[in-house]
Amino acid sequence: MSVQLEFRPRTAHLTSVHFSNTNLQEIQQTLKEKLSASPEGFFSGMGFIANLEGLSIEKANFNWLKELKTIFLDNGLTLIALTHHPYPIKTLTQLGLADIPMKEARSTKKETLEVSNTITEPKSTNQEPSSPLASLSKNSKLDTKIIRGNIRSGQRVYAPDTDLTIIGIVGAGAEVIADGNIHILGSLRGRAFSGAKGNESTYIYASDFSAELVSIAGSYQTMEQLDPYKGEKNCLVTLNEDDTMLIVSV
């Protein structure tokens, strides 16, 4: 019996990494510093795209690219693709890398969540329900992706170029990500990332707040920092001008 293969278009959760120069030692050191300053597991399971735009890489240096991939592996990260680069496809194939053309979103952060894992999700609809933040939602210029059902541990939901509303529980170990605002009409026990492409005016709302991590436009607070707010009802998370977070019950 022959093996049947079915190719289906999917998106993936990727992080774009920009470099200010090609010095591999500096890249190694900066990457280690970035990881040590991030919450444990913050980048776990993520694939990375190296954005080489503006860099001067002499004759598409094969050894430089090979070493760059090794640096990521040594730090427990997976470099899977390049964008805005001078390398021929044959070279990328030799190193197990893909070529991903990518339009950069306007952002104040150099790290941007571009796309996310496609998962089997509960049934969704584009009709927005009423919520305690209805007046704030009216000010949003984005449409809303709505998920009716619980997001379980290990699942990741991404709403590109839109707000995200979850009518249900975001379980511990689950992630919800949106380029716009996030409304959770239920309990937030996992991680929530709003403003994934750098929009600092976005917010996160949860009816019941017990989050592992919340992030707005790349600024985040971990479980330890969020512990005083555990169990709070109708919680609204916004970003202050100094990139600190304001968490209040509304």
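Quick note on numbering: UniProt numbering labels position 218 of the sequence shown as 218, and the sequence is numbered without any gaps.
Ideal placement from N, C-alpha and C gives every residue a C-beta, glycine not left out.
Span of the alpha helix (DSSP H) around residue i
| i | result |
| --- | --- |
| Asn63 | Phe62 to Asp74 |
| Asp145 | Rather than Asp, the amino acid found at residue 145 in this sequence is Lys. First-last for Lys145: Thr144 to Arg148, but that is the beta strand (DSSP E), not the alpha helix (DSSP H). |
| Ile89 | Ile89 to Gln94 |
| Met46 | Per DSSP, Met46 belongs to no alpha helix (DSSP H) and is neither H nor E. |
| Lys226 | A small fix is needed here, since residue 226 is Leu in this sequence, not Lys. First-last of the alpha helix (DSSP H) with Leu226: Met223 to Leu226. |
Assigned secondary structure, residue i (DSSP; H/G/I helix, E/B strand, else coil)
| i | result |
| --- | --- |
| Asn117 | The predicted position of Asn117 is uncertain, since its pLDDT is 34 and thus under 50; a value taken from the coordinates is nonetheless stated next. The answer is coil: DSSP assigns Asn117 none of H, G, I, E or B. |
| Thr15 | strand |
| Leu236 | strand |
| Ala178 | strand |
| Thr78 | strand |
| Thr22 | coil |
| Ile27 | helix |
Residue i, enclosing beta strand (DSSP E) - first and last residue
| i | result |
| --- | --- |
| Ser249 | Met245 to Ser249 |
| Glu6 | Counting along the chain, Glu6 falls outside any beta strand (DSSP E), and DSSP gives it neither H nor E. |
| Thr165 | Asp163 to Ile167 |
| Ile100 | It is not in any beta strand (DSSP E) - Ile100 carries neither H nor E in the DSSP assignment. |
| Ala159 | Arg156 to Ala159 |
Anticipated Cβ contact below 8 Å, residue i with residue j, distance rounded
| i | j | result |
| --- | --- | --- |
| Tyr203 | Asn181 | 5 Å |
| Asn150 | Gly173 | So it is not a contact: roughly 12 Å between Cβ atoms. |
| Leu185 | Thr165 | 7 Å |
query: Where in the region 181-220 do unbroken runs of the alpha helix (DSSP H), each at least 4 residues long, occur, reported from the N-terminal end onward?
result: Secondary structure in the region 181-220: no alpha helix (DSSP H) run of 4 residues or longer lies completely within the stretch.
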